[in-house]
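Q:
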Amino acid sequence: MHLPKPDLRLLDYLGVQAKRLYNTGTFVARQLFFKRGKIVSRFDLLYADGVRDSIHLRAMPSTTAQQTLLSVSEAWSSFRELRNVWFKEGCPPDRNPRPPAYLERDVFKLAFPNSGGGKPKIVDVDGKRMLRFPLGQLNAVWFGVRELLIPAPSDFDLSRVREYTFVPQNGAWYLELSYRKPKPTGVNVDRTLTLACDLGTSANLVAAVGTDESNLLIDARQLKAMNQGYNRLVARRKAGKSQEYWDTYLDRLTRKRNDQMRDGINKAARLVLNHCLERGVGTVVVGWNPGIKNRIDLGSRENQKFVQMPLARLKDRIRQLCEEYGLVFTVQEESYTSVSSHLDGDTPPVYGQKPDGWTPSGRRMKRGLYRTARSEKINADLNGAANILQKWQVARNPAEISLQPDRRGRPCLTTAKRVRIWALPGNKSASASR
0 MHLPKPDLRL
10 LDYLGVQAKR
20 LYNTGTFVAR
30 QLFFKRGKIV
40 SRFDLLYADG
50 VRDSIHLRAM
60 PSTTAQQTLL
70 SVSEAWSSFR
80 ELRNVWFKEG
90 CPPDRNPRPP
100 AYLERDVFKL
110 AFPNSGGGKP
120 KIVDVDGKRM
130 LRFPLGQLNA
140 VWFGVRELLI
150 PAPSDFDLSR
160 VREYTFVPQN
170 GAWYLELSYR
180 KPKPTGVNVD
190 RTLTLACDLG
200 TSANLVAAVG
210 TDESNLLIDA
220 RQLKAMNQGY
230 NRLVARRKAG
240 KSQEYWDTYL
250 DRLTRKRNDQ
260 MRDGINKAAR
270 LVLNHCLERG
280 VGTVVVGWNP
290 GIKNRIDLGS
300 RENQKFVQMP
310 LARLKDRIRQ
320 LCEEYGLVFT
330 VQEESYTSVS
340 SHLDGDTPPV
350 YGQKPDGWTP
360 SGRRMKRGLY
370 RTARSEKINA
380 DLNGAANILQ
390 KWQVARNPAE
400 ISLQPDRRGR
410 PCLTTAKRVR
420 IWALPGNKSA
430 SASR
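Here's what the structure looks like:
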């Protein structure tokens, strides 16, 4: 948001108070958990000693302070659910969920629910539509400021908004509008038709193969180039300086890079959804290995390419779109899918359960090219997607493992047009941003 400096300083002040209130609530919650084994609720925090008389609570608008404490209770609720899963499934000790920690960053978000007496209102100021955010009585006494005024969006029905949230990101403030979207109508899909997706970071961001013999390749090179350009500019700016050096230029650079990544991920997920809706596919399977980026050691350059690509965000965005449009979404463990030969009948084993003497029938020749036992050359990423689909089908019915059901044909794994996320200049036919 582009606001006058006094308004930005006011947001910074409130953000600091929100962070300190969050940490105050976290301290009280941790003490209750360690001493009594109790996990707090929002109302426990609101009336707990050390919170109800906190100066940080009084320095904030009442509804915003309550939303901050709600964030604390939500973090502890998530911790409780993770502990239950951990005790039930017996996860490894290194994945033991830890109690929510204190915030280290300087500021925290400011949430204003669009309900109740303290909700934001639209007012007219000198002929301009403005959003008025009340700031509470104490700020009026201390600073003589009762409200924060920002220009109201002109292209959105603000009556649909459920919550306004000021979010600090890389030295700037963003205003997020949370609203409920109507459920799409007229969606006709067949849930027996399945699309399997292999997410990657090299040439293809998504390689997908369906039970209807369709395929999809989404180009990753544009996102990679943006990441490389960002890393190059950061390295140039920090040359000769300490590793901790940071300035407003790097903040702006990071905001631009994050916006590009978010836009690319949203467009890629939409491409996957459109592919399903156009063909009536009702089930989406995404290959995923938990902890795929943890302790990875591919070298500094390859680590930079791999770790900075937001694949988890892409997976979550595909999940959101599937839930919105009524498609079934599932995640499939994808170990050994890249080395197995789909056309030769290999069934990729589960990680840690590989049979003695198991070896793949084919092998990967180079990046993007796989050779089967019969010397047939196919796309390596599409081969991986087909193996994910095969692995998912076998996992649903282990009795069919010897039948090798529904093998995809060779044309499905060789003939595919790579789709770009953004159109090249002067080449509108290549656009994927629909």
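Residue 417 in numbering that gives the first Met the number 0 sits at position 418 of the sequence shown, with consecutive numbering throughout.
Every residue, glycine too, gets a C-beta built ideally from N, C-alpha and C.
(1) Kindly indicate which three-state DSSP category residue 342 falls into: helix, strand or coil?
(2) Ignore the nearest five residues each way along the sequence and tell me which others in residue 362's own chain have a CB closer than 7 Å to its CB.
(3) Under the three-state reduction of DSSP, which class applies to residue 217: helix, strand or coil?
(4) Can you give the Cα-Cα distance for residue 249 and residue 257, rounded to whole angstroms?
(5) Enumerate in chain order the residues of its own chain whose CB-to-CB distance from residue 391 is below 8 Å, with the five nearest sequence positions on each side excluded.
(6) What is the DSSP secondary structure of residue 315, counted as helix, strand or coil?
(7) Count the other CB atoms, across all protein chains shown, that sit within 10 Å of the CB of residue 18; report buried if there are 16 or more and exposed otherwise.
(8) Measuring straight from C-alpha to C-alpha, what distance separates residue 199 and residue 219?
(9) In chain order, what residues of the same chain have a beta carbon less than 6 Å from the beta carbon of residue 317, not counting five sequence neighbours either side?
(10) Measure the alpha-carbon distance for residue 0 versus residue 96 and round it to whole angstroms.
(11) Looking only at its own chain, which residues have a Cβ that is under 7 Å from the Cβ of residue 135, when we skip the five neighbours before and after it?
(12) Three or more C-beta pairs closer than 8 Å, one from the region 36-53 and one from the region 105-114: is that the case here?
(13) Between residue 521 and residue 233, what straight-line distance do the alpha-carbon atoms span, to the nearest angstrom?
(14) If you reduce the DSSP assignment to three classes, tell me which class residue 336 lands in.
(15) Whose CA, out of 88, 138, 23, lies closest to the CA of residue 103?
(16) Expressed to the nearest angstrom, what Euclidean distance is found between the alpha-carbon atoms of residue 421 and residue 143?
(17) What is the residue span of the beta strand (DSSP E) that residue 378 lies within?
(18) Can you check whether the CB of residue 106 is closer than 8 Å to the CB of residue 170?
(19) By the three-class DSSP mapping on this structure, what secondary structure does residue 414 have?
(20) Given this structure, state the Cα-to-Cα distance separating residue 210 from residue 364, to the nearest angstrom.
(21) If we ignore side chains and look at the alpha-carbon of each, how far apart do residue 217 and residue 247 end up?
(22) In chain order, which continuous runs of the beta strand (DSSP E) of length 3 or greater are located wholly inside the region 165-199?
(23) Here's the rule I'm using: 16 or more other beta-carbon atoms within 10 Å means buried, otherwise exposed. How should residue 382 be labelled?
(24) In the DSSP assignment, what are the bridge partners of residue 163?
A: Inspection of the coordinates gives the following:
(1) coil
(2) 370
(3) strand
(4) 12 Å
(5) 193, 195, 284, 329, 331
(6) helix
(7) buried
(8) 8 Å
(9) 268, 271
(10) 36 Å
(11) 59, 60, 61
(12) no
(13) No statement about residue 521 is possible, as the shown extent of the chain runs from 0 to 433 and does not include it.
(14) coil
(15) 23
(16) 49 Å
(17) 376-378
(18) no
(19) coil
(20) 26 Å
(21) 34 Å
(22) 171-178, 189-198
(23) buried
(24) 111, 176
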